[in-house]
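Quick notes on the structure that follows.
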Amino acid sequence: MRRGPFTTIAAFQAGLLAGFVTTTTASAADISTKDIQVLGRSLGFIENLPAGDLKLAIVFDPANPQSAQEADAVRKGVGDGLKAGTHVFTPIMVPIDALGSAGSAGAIFLTSGLGANAAKVGSLSKDKKLPCGTIDIPQVQGGQCLMGIKTDPKVEIIVNKSVAEAAGITFDPAFKMLITQI
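All letters in the sequence shown, in the order written, are residues 12 to 193 by the working numbering.
Take a look at the structure:
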């Protein structure tokens with residue numbers, strides 16, 4: 012049976028709601044299970060991801076407690092793998108000083124608290140055509156990350172259109188109806 016864009020949207024919204032009946036705060040950095048689930052579902056709507064299972068590079072600053080706690084919470088939340096459409100992302104921890112090792116990943120999670128170092132992640136994301144997700148919305152607004160996730164009090168997905176264009180990342184048209192592009 013062929014599904015139209017509105018059926019896909021309704022299924023996505025129902026999946027979001029069904030998956031978010033319980034939400035727990037994973038760390039002092041305010042990353043929640045719900046945030047991680049929305050990240051996974053959102054990555055699944057990227058049309059031009061490489062085939063197969065991929066790595067999720069969790070980029071953090073070990074010297075910044077907020078960043079390190081958030082990275083650990085994301086790693087624990089992802090567990091053995093984050094389902095994203097037909098892909099499964101397995102987490103790898105990448106200290107900001109070893110950012111080059113993130114280039115082989117399929118996507119990046121940018122932790123909060125990286126400050127000016129986030130620009131390095133933005134450059135890598137664009138150069139290697141890697142989608143980047145974060146809960147640090149100012150990093151999306153500043154062009155260092157593609158997609159920002161906010162789930163409290165309601166689910167919001169913010170996508171930086173210029174970052175998407177620079178990295179050559181395209182989304183399913185139905186998904187575009189659910190996001191805010193800046």
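Yeah, the Cβ is synthetic: ideal placement off N, Cα and C, and Gly gets one too. None of the values given here were measured: they were computed from a predicted structure.
Asked                                                                                                                                : Found
Chain-order list of residues whose beta-carbon lies under 6 angstroms from that of Asp147 (same chain, five-residue window excluded) : Ser123
Simplified DSSP assignment, three categories, for Lys165                                                                             : coil
Among Ala84, Asn59 and Met104, the one whose alpha carbon lies nearest that of Lys66                                                 : Met104
Member of Ala175, Lys139 and Ile190 whose CA lies at the smallest distance from the CA of Gly154                                     : Ala175
For Ile190, the nearest candidate out of Thr44, Gly88 and Arg52 (CA to CA)                                                           : Arg52
Sequence-distant residues of the same chain with beta carbon closer than 7 angstroms to Ala3, five excluded per side                 : Nothing about residue 3 can be reported from this structure: the residues present for the chain run from 12 to 193 only.
Residue span of the beta strand (DSSP E) that contains Lys66, given as start and end                                                 : Leu65 to Phe71
Coil, strand or helix - Ala118 by DSSP                                                                                               : strand
Validate contact between the segment 160-177 and the segment 46-60 using beta carbons, cut 8 angstroms, 3 pairs                      : yes
Among Lys131, Leu54, Ser136 and Gly114, the one whose alpha carbon lies nearest that of Phe100                                       : Leu54
Buried/exposed call for Asn59, threshold 16 Cβ in 10 Å                                                                               : exposed
Residue range of the unbroken alpha helix (DSSP H) whose run includes Thr44                                                          : Thr44 to Leu54
Closest by C-alpha distance to Arg86, when choosing among Phe186, Ile42 and Gly133                                                   : Ile42
Contact check, Pro76 vs Pro106, beta carbons under 7 angstroms                                                                       : no
7 angstroms Cβ cutoff met for Ile180 and Pro142                                                                                      : yes
Whether Lys172 touches Gln192 by CB criterion (7 angstroms)                                                                          : yes
Phe182 to Val170 span [Cα, whole Å]                                                                                                  : 10 angstroms
Cα-Cα separation between Phe56 and Asp108, rounded to whole angstroms                                                                : 30 angstroms
Proximal residues to Gly114 (C-beta, below 6 angstroms), its chain only, five neighbours per side dropped                            : Lys139
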